[in-house]
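Peer 1: Protein chains in written order, with the numbering used here: chain A, 1354 to 1622; chain B, 643 to 1065.
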């Protein structure tokens, strides 16, 4: 047992240096002024950006729900396929992730543009050019597209573990498909749902490049706001740190709520 | 001023060109041949450059993306490797995308640079905050090539800290075939014209965007007056409805592909875009514009000051200055490099507007006070995050209801679970 602990030492050191210390620094910056004295002004300044926070949470939420609705059936079908087909299908799910994140988002810019492929095709069948890009819809689309694999993979790995005999037992005992879904499959896949939601929601809420490329710069998200404080015209790392801290608090609250759904007596089932 | 993402954005366009067998490829081949004969390197004083030959020095150069001749096009010079070959000093070359990013990097510490190339207002800010140091012009004899009207600029009145590298103006790029106006009549109000709603792009940085708004209102580009700034912000807010997107480098792509009709941008980049799309034109609006200068400086804390000065001097060698300006298409303050340019380029009113226009219609940015900067930034964020009222109405309540529903759901669920546990 002792030897096992030694093995975890490298990660522990890594975590302290690159996660704990930076977190403390963020907190330190958030509560200090430029000359290092204590203040809560930074935090109270964050209040004026409430609408940006609401919009970020809202868009990330929509994206997460869409991801879940898309990924859930897919993951289930995947997990029920023959083994060798599963490998191929998983590869197809992963394939977009081999491409650079920026490039993928950039591709959507040319697809959705006013003279883009989609609008050209629509034009051929007589539907006038639609405003597709630079809308919050486009931002959500970008989030869904980029983070969908992060929803599919945890769902798939949980569902794969659901034994076929469990489903057979359910139907043997006269359970309808709907009941099997809601009383057997969903409860068994809850851990996958929660980790999938976490893995989509957290990056979606803090993204900045998607909103800049697809939102046309007029759909500011929290990520953009933070980026502006560090690399933008208003160089103010203290306010930036305060915004990050508030964002972390929000995510923490949402994650705590999420964890309520995942039963800790999972092993018993 | 800002070209970091350029290569990324032009990549698909370049691929499209290949697919469609664009006619312009023949022309570029010809041009490249010309360049092969034109661009061979001779330096004025080889002894000067070989002083540190065997010392194994290295310098850190921090420059805008795509802002130096890299030898990527056939027949052009790779400036950094030429410098390394000549002097034996290794160049660690890195890029930034905005003046603010450069400022943040220097301010945050953690990295030391020997040569940086900020723009005018950032130079005066850095001088004020003791972030760059005075140059020893004994070591930069090639400063003599810099044209008189680019010395002692407002941002560096004694010309002690900087050596100008490039300059240019801001103007409007527009689609001639769609915008029905005489070139002379075009003014900044074109960007507020309802006829072109949703076809207009706008700068995604407050300094440039406010400048346009201020010019339109007849204020100074460097105003610190709170009321005037508020007016300018109001004007920008008014414009937001008809703006398609707030962008920087994306302009290359959007204008090139005809996704938008009108956009303000820097003259040098405008030329690059116009090469791609024939129907575009660039004009400096009649009510004036901003003239920007990017200049080479040495930050405080530079480890190899003399080597850095050598690099700056090298950048001012006529052959090198010409290679750079030929590659990046901006305007040069270097007299010899200017002479080496094609007659056509020298007389191009976009790159080299006549002196009368420069004197009468252009203003150089100077650094604003911290207070004015903060005010501008706050107004900008407010403008950008302001929403159309229609969305605002349901967004907030919907969010609240959702939060409430989640909480209620969680509570009920817990309640049921606790009951179950009892049995």
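Virtual Cβ for every residue (Gly too), placed ideally from N, Cα, C.
Can you say whether residue 944/B is buried or exposed, counting buried as having 16 or more other CB atoms within 10 angstroms of its CB?
Peer 2: Indexing the second chain from 1 puts residue 944/B at position 302. Buried: at least 16 other Cβ atoms inside 10 Å.
Peer 1: Where do the N-terminal and C-terminal ends of the alpha helix (DSSP H) with residue 706/B fall, by residue?
Peer 2: To locate residue 706/B, count along the second chain from 1; it is residue 64. Looking at the DSSP string, residue 706/B is not in any alpha helix (DSSP H); the run it does join, the beta strand (DSSP E), is 700-706.
Peer 1: Taking the alpha carbon of residue 812/B as the point to measure from, which residue in 968/B, 1026/B, 934/B and 772/B has its own alpha carbon closest?
Peer 2: Here residue 812/B is taken as the residue at index 170 of the second chain, counted from 1. Ranking 968/B, 1026/B, 934/B and 772/B by Cα distance to residue 812/B puts 934/B first.
Peer 1: Which bits of chain B does residue 1499/A rub up against, with CB to CB less than 9 angstroms?
Peer 2: Looking up residue 1499/A in the first chain gives position 146. Near residue 1499/A there are no residues of chain B at all, since even the closest Cβ is about 17 angstroms away, more than 9 angstroms.
Peer 1: Note down, in chain order, every chain B residue with its Cβ under 7 angstroms from the Cβ of residue 1600/A.
Peer 2: As a position in the first chain, residue 1600/A is number 247, starting the count at 1. The contacting residues do not exist; residue 1600/A stays about 15 angstroms from chain B at best.
Peer 1: Alpha carbon to alpha carbon, how far is residue 1006/B from residue 818/B? Give it in angstroms, no decimals.
Peer 2: The residue given as residue 818/B occupies position 176 in the second chain. The residue given as residue 1006/B occupies position 364 in the second chain. Straight-line spacing of the CA atoms in residue 818/B and residue 1006/B works out to 28 angstroms.
Peer 1: Going by beta-carbon coordinates alone, are residue 1561/A and residue 1576/A separated by less than 8 angstroms?
Peer 2: Counted from its first residue, the first chain places residue 1561/A at position 208. Counted from its first residue, the first chain places residue 1576/A at position 223. Their beta carbons are under 8 angstroms apart, which means residue 1561/A touches residue 1576/A by this criterion.
Peer 1: Excluding the five sequence neighbours on either side, which residues of its own chain have a C-beta within less than 7 angstroms of the C-beta of residue 992/B, listed in chain order?
Peer 2: As a working mapping, residue 992/B is identified with position 350 in the second chain. The beta carbon of residue 992/B sits closer than 7 angstroms to the beta carbons of 909, 912, 913 and 924 from its chain, once the five residues preceding and following it are set aside; these are given in chain order.
Peer 1: Give me whichever residues DSSP pairs with residue 941/B in a beta bridge.
Peer 2: Within the second chain, the letter at position 299 stands for residue 941/B. Partner(s): 774/B.
Peer 1: Among the candidates 1371/A, 1498/A and 1408/A, whose CA atom is the shortest distance from the CA of residue 1449/A?
Peer 2: Numbered from 1 along the first chain, position 96 holds the residue referred to as residue 1449/A. Ranking 1371/A, 1498/A and 1408/A by Cα distance to residue 1449/A puts 1498/A first.
Peer 1: Quick one, which of 905/B, 978/B, 770/B and 766/B has its alpha-carbon nearest residue 881/B's?
Peer 2: Taking the first residue of the second chain as 1, we reach residue 881/B at position 239. Comparing Cα positions, the closest option is 905/B.
Peer 1: Say whether the region 1591-1601 of chain A touches the region 1379-1390 of chain A, bearing in mind that this needs 3 or more beta-carbon pairs closer than 8 angstroms, one atom from each stretch.
Peer 2: yes
Peer 1: Using a Cβ-Cβ distance cut-off of 8 angstroms, determine whether residue 881/B contacts chain A.
Peer 2: Taking the first residue of the second chain as 1, we reach residue 881/B at position 239. False, the Cβ-Cβ gap to chain A never drops below 8 angstroms.
Peer 1: For residue 633/B, count neighbouring Cβ atoms within 10 angstroms of its own Cβ and tell me buried if that reaches 16, exposed if not.
Peer 2: Limits of chain B in this structure are 643 at one end and 1065 at the other, which puts residue 633/B out of reach.
Peer 1: Since residue 922/B and residue 890/B should fall inside the 8 angstroms C-beta cutoff, what is the C-beta to C-beta distance between them, to a whole number of angstroms?
Peer 2: To locate residue 922/B, count along the second chain from 1; it is residue 280. To locate residue 890/B, count along the second chain from 1; it is residue 248. With 8 angstroms as the limit, residue 922/B and residue 890/B do not qualify as a contact, their Cβ atoms being about 18 angstroms apart.
Peer 1: With contact counted as at least three CB pairs below 8 angstroms, one residue from each stretch, are the region 1462-1472 of chain A and the region 1518-1526 of chain A in contact?
Peer 2: Because the criterion of three Cβ pairs below 8 angstroms is not met, the region 1462-1472 of chain A and the region 1518-1526 of chain A do not touch.
Peer 1: Comparing the C-beta of residue 1545/A with each C-beta of chain B, is any distance below 8 angstroms?
Peer 2: Mapped onto the first chain, residue 1545/A falls at position 192. Answer no: the Cβ-Cβ gap between residue 1545/A and chain B never drops below 8 angstroms.
Peer 1: Where does the unbroken beta strand (DSSP E) through residue 1005/B begin, and where does it stop?
Peer 2: Here residue 1005/B is taken as the residue at index 363 of the second chain, counted from 1. It spans 1004-1006 - the beta strand (DSSP E) in which residue 1005/B sits, taken as one unbroken run.
Peer 1: In this structure, does DSSP put residue 791/B in helix, strand or coil?
Peer 2: Numbered from 1 along the second chain, position 149 holds the residue referred to as residue 791/B. Of the three classes helix, strand and coil, the one that applies to residue 791/B here is helix, per DSSP.
Peer 1: Based on Cα-Cα distance, which residue from 894/B, 994/B, 975/B and 956/B lies nearest to residue 1463/A?
Peer 2: Reading the first chain from its first residue, position 110 is the one you call residue 1463/A. Per the Cα distances, 894/B.
Peer 1: Within a Cβ cutoff of 8 angstroms, which residues of the same chain sit near residue 671/B, ignoring the five residues on either side of it in sequence?
Peer 2: Residue mapping note: residue 671/B aligns to position 29 of the second chain, counting from 1. Unreliable placement is indicated for residue 671/B, whose pLDDT of 45 sits below 50; no coordinate value is reported for it.
Peer 1: Report the residue ranges of all alpha helix (DSSP H) runs contained in full by the region 789-876 of chain B; include only those spanning at least 4 residues, in chain order.
Peer 2: 848-859
Peer 1: Based on the DSSP secondary-structure assignment, which residues constitute the bridge partners of residue 908/B?
Peer 2: The count along the second chain starts at 1 and reaches residue 908/B at position 266. 812/B.
Peer 1: Quick one: give me the first and last residue of the beta strand (DSSP E) that residue 735/B is part of.
Peer 2: Your numbering for residue 735/B matches position 93 in the second chain. In the DSSP assignment, residue 735/B falls within the beta strand (DSSP E) that extends over 732-738.
Peer 1: From 728/B, 745/B, 781/B and 902/B, pick the residue whose C-alpha is nearest to that of residue 951/B; which is it?
Peer 2: What you label residue 951/B is simply residue 309 of the second chain in a count that begins at 1. Ranking the options by Cα distance to residue 951/B, first place goes to 781/B.
Peer 1: Between the Cα of residue 1044/B and those of 1446/A, 1613/A, 1459/A and 1407/A, spot the shortest distance and give me the residue it belongs to.
Peer 2: Counting from one through the second chain, the residue named residue 1044/B turns up at place 402. Scanning 1446/A, 1613/A, 1459/A and 1407/A for the CA closest to the CA of residue 1044/B turns up 1407/A.
Peer 1: Name, please, each residue of chain A whose Cβ falls closer than 7 angstroms to the Cβ of residue 742/B.
Peer 2: Taking the second chain and counting its residues from 1, one reaches residue 742/B at position 100. What residue 742/B touches in chain A: 1584, 1585, 1586 and 1588.
Peer 1: Residue 1545/A and residue 1507/A - do their beta-carbons sit closer together than 8 angstroms?
Peer 2: Position 154 of the first chain, counting from 1, holds the residue named residue 1507/A. Position 192 of the first chain, counting from 1, holds the residue named residue 1545/A. Going by C-beta atoms, residue 1507/A is nearer than 8 angstroms to residue 1545/A.
Peer 1: For my contact list, residue 1541/A and residue 1515/A are in at a C-beta cut-off of 8 angstroms; report their separation, rounded to the angstrom.
Peer 2: Numbered from 1 along the first chain, position 188 holds the residue referred to as residue 1541/A. Numbered from 1 along the first chain, position 162 holds the residue referred to as residue 1515/A. Sure, about 5 angstroms apart at Cβ, within 8 angstroms.
Peer 1: Could you confirm whether any beta carbon from chain A is found closer than 8 angstroms to the beta carbon of residue 746/B?
Peer 2: Here residue 746/B corresponds to residue number 104 of the second chain, with the count starting at 1. True, the Cβ-Cβ gap to chain A drops below 8 angstroms.
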